[in-house]
Ligand SMILES: Nc1ncnc2c1ncn2[C@@H]1O[C@H](COP(=O)(O)OP(=O)(O)OP(=O)(O)O)[C@@H](O)[C@H]1O
Ligand SMILES: [Mg+2]
């Protein structure tokens, strides 16, 4: 009976999807927060030109941005155990996401810093602020404000990337879907539920970020343009 | 004669190996004096002020603040800048802080002064420039003229020994120019030491104790405003002043 959905199948398997969705959200949340922290730390290291760490950060960012998440996950999950480092698949997912997201956040953050006009720095200097004081009190707050849209976009990007995690045997949404299709051949139903589950997660996130962006823009942070 | 506040000797500056933007400038300003610098666009006025404030590094020559050489060591630049106030054409208030935080930031952070005392002084100065009711506003809520008055207050809060003003009304609508220049005229009357770059010739004439005509990085004339504006000695100064006349 192709073309007609089996609704009882959908109802029956909803709890399974719910559980998977919660796992997806949990991993994404940890990953996003972690990425944010890693991003800021990397950016600070580069901005303050800390020796040794600074080139290391550069290598990390290149590596992270130029390899697909799937490869990174395979390396974490299958490669590292051979070197004696064993992760749970959940830890693996979160670390993989942070590894990927950290560099994106760092780059977004750097753009924010670069967007603060040079003369703002000079204005602070002319009041006698030191370079460090200027960075913390004047540049950083403005950079964070202007980077908000980038952070939001990155968060949504990272959430979507969690779909790759089923590859490392993590019972996330994608995994459950593939599992159900394999078991019962209810492809349409399983895929429909997958799409809906992602929509339910992503839509609020997208709305929240739009709201934050609008608020930040209203606050007029970062735009130093004349009236 | 009163004490010399700021002084340069043989100050030279060029960008990317080009011609000298400033060519061996000898300059000095005394306590309570107001020096106005005029000259055609691109002659080096802003660069000169930025050198005085160590925002730009001079190629050679000396800058002395109350007789102390300040442009040789890198380490204490912020200590010297703290004593030299600067107001920019584009205001450069900090957009993420409200007016009162803008003007109190440096006295608290840099000079580590008492919070109540700083705030009290800030409110007093804001009241003087007619912006008391804007203390809690953010820069984006202010007009250009209001922003510039806040910027002046912010510089004054540091009790600078000398104030550098770089075309502070150039970005303003004509009807806002007066409210800002009025503040500067009052400061001059109170004996504030100032180096002013401006294209407002009427104002220059009213406020200056001495006028410097800068052209192609050199001081061509230096005299009392009455003399400079009525009978400039050089052809180039005459030509420059003529650009402000319409027949
Ligand atoms: N950062 C810089 N790099 C290269 N050249 C510069 C730089 N800043 C200024 N210049 C050049 O130095 C010269 C003097 O510039 P300056 O801004 O001091 O002129 P000004 O007298 O203030 O002009 P205006 O009246 O237009 O403000 C100009 O030719 C300018 O192009
Ligand atoms: Mg200029």
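Chains as they are written, first to last, in the numbering used here: chain A, 469 to 695; chain B, 1437 to 1683. We put the beta carbon where it would ideally sit given N, CA and C, even for glycine. On a predicted model such as this, the values are computed, not experimentally measured, just so you know.
Collapsed DSSP secondary structure at residue 1500 of chain B in the structure displayed:
Here residue 1500 of chain B is taken as the residue at index 64 of the second chain, counted from 1. Residue 1500 of chain B falls in the strand class under three-state DSSP.
Distance CB(residue 1518 of chain B)-CB(residue 596 of chain A) smaller than 8 angstroms:
Start at 1 with the first residue of the second chain, and residue 1518 of chain B comes out as number 82. Start at 1 with the first residue of the first chain, and residue 596 of chain A comes out as number 128. The answer is yes: Cβ separation under 8 angstroms.
At a cut-off of 7 angstroms, would you count residue 1487 of chain B as near ligand 1, judging by its Cβ distance to the nearest heavy atom?
Position 51 of the second chain holds residue 1487 of chain B. Checking every heavy atom of ligand 1 against the Cβ of residue 1487 of chain B, none is found closer than 7 angstroms.
With a threshold of 8 angstroms between beta-carbons, can residue 515 of chain A be considered close to chain B, or not?
Translated into positions along the first chain, residue 515 of chain A becomes position 47. Not an interface residue.
Around the C-beta of residue 641 of chain A, are 16 or more other C-beta atoms found within 10 angstroms, so that it is buried, or is it exposed?
Position 173 of the first chain, counting from 1, holds the residue named residue 641 of chain A. Buried is the call here.
Mind checking residue 525 of chain A: buried by the 16 CB within 10 Å criterion, or exposed?
Start at 1 with the first residue of the first chain, and residue 525 of chain A comes out as number 57. Answer is buried; the Cβ neighbour count reaches 16.
If you draw a straight line from the C-alpha of residue 606 of chain A to the C-alpha of residue 1615 of chain B, how long is it?
Position 138 of the first chain, counting from 1, holds the residue named residue 606 of chain A. Position 179 of the second chain, counting from 1, holds the residue named residue 1615 of chain B. So the two alpha carbons sit approximately 28 angstroms from each other.
Where does residue 1466 of chain B sit, in a helix, a strand or coil, going by DSSP?
Indexing the second chain from 1 puts residue 1466 of chain B at position 30. Three-state result, residue 1466 of chain B: strand.
Helix, strand or coil: how does DSSP classify residue 1445 of chain B here?
Sequence index remark: in the second chain, residue 1445 of chain B carries index 9 (1-based). Three-state DSSP puts residue 1445 of chain B in a strand.
Below 8 angstroms on the Cβ atoms is my guess for residue 660 of chain A versus residue 627 of chain A; work out the distance and round it to an integer in Å.
The residue you call residue 660 of chain A lines up with position 192 of the first chain. The residue you call residue 627 of chain A lines up with position 159 of the first chain. Between residue 660 of chain A and residue 627 of chain A the beta-carbon gap is near 20 angstroms, outside 8 angstroms, which marks them as no contact.
For a test of your reading of the model: does the CB of residue 1602 of chain B fall under 7 angstroms from any non-hydrogen atom of ligand 2? Yes or no.
Residue 1602 of chain B sits at position 166 when you count from the first residue of the second chain. At least one heavy atom of ligand 2 is nearer than 7 angstroms to the Cβ of residue 1602 of chain B, so yes.
State the beta-bridge partners of residue 1378 of chain B as determined by DSSP.
The displayed coordinates of chain B run from 1437 to 1683. Any statement about residue 1378 of chain B would go beyond what the structure contains.
Which value, in whole angstroms, describes the spacing of the CA atoms of residue 1596 of chain B and residue 1574 of chain B?
Mapped onto the second chain, residue 1596 of chain B falls at position 160. Mapped onto the second chain, residue 1574 of chain B falls at position 138. Near 25 angstroms, if we compare the C-alpha coordinates of residue 1574 of chain B and residue 1596 of chain B.
Any beta-carbon of chain B closer than 8 angstroms to the one on residue 691 of chain A?
Against the first chain, residue 691 of chain A aligns to sequence position 223. Unreliable placement is indicated for residue 691 of chain A, whose pLDDT of 45 sits below 50; the coordinate value is still reported in the next sentence. Answer yes: the Cβ-Cβ gap between residue 691 of chain A and chain B drops below 8 angstroms somewhere.
Within 8 angstroms of any Cβ in chain A, is that where the Cβ of residue 1476 of chain B sits?
Against the second chain, residue 1476 of chain B aligns to sequence position 40. Under the 8 angstroms criterion on CB atoms, residue 1476 of chain B is classed as non-interfacial with respect to chain A.
Residue-chain proximity (residue 1449 of chain B, chain A), Cβ-Cβ < 8 angstroms
As a working mapping, residue 1449 of chain B is identified with position 13 in the second chain. Not an interface residue.
Kindly list, in the order they appear in chain B, the residues whose Cβ is closer than 9 angstroms to that of residue 587 of chain A.
Counting from one through the first chain, the residue named residue 587 of chain A turns up at place 119. Per Cβ cutoff of 9 angstroms: 1524, 1526 and 1528.
Alpha-carbon spacing of residue 692 of chain A relative to residue 1531 of chain B, whole angstroms:
As a position in the first chain, residue 692 of chain A is number 224, starting the count at 1. As a position in the second chain, residue 1531 of chain B is number 95, starting the count at 1. Confidence at residue 692 of chain A is low in this model, with a pLDDT of 40, below 50, so the placement of that residue is unreliable and no value is reported for it.
Looking at the unbroken alpha helix (DSSP H) that takes in residue 603 of chain A, where does it start and where does it end?
Taking the first residue of the first chain as 1, we reach residue 603 of chain A at position 135. It is not in any alpha helix (DSSP H) - residue 603 of chain A carries neither H nor E in the DSSP assignment.
At a threshold of 7 angstroms, does residue 586 of chain A count as lining ligand 2 (C-beta to nearest heavy atom)?
Position 118 of the first chain, counting from 1, holds the residue named residue 586 of chain A. Answer for residue 586 of chain A: no, Cβ out of range of ligand 2.
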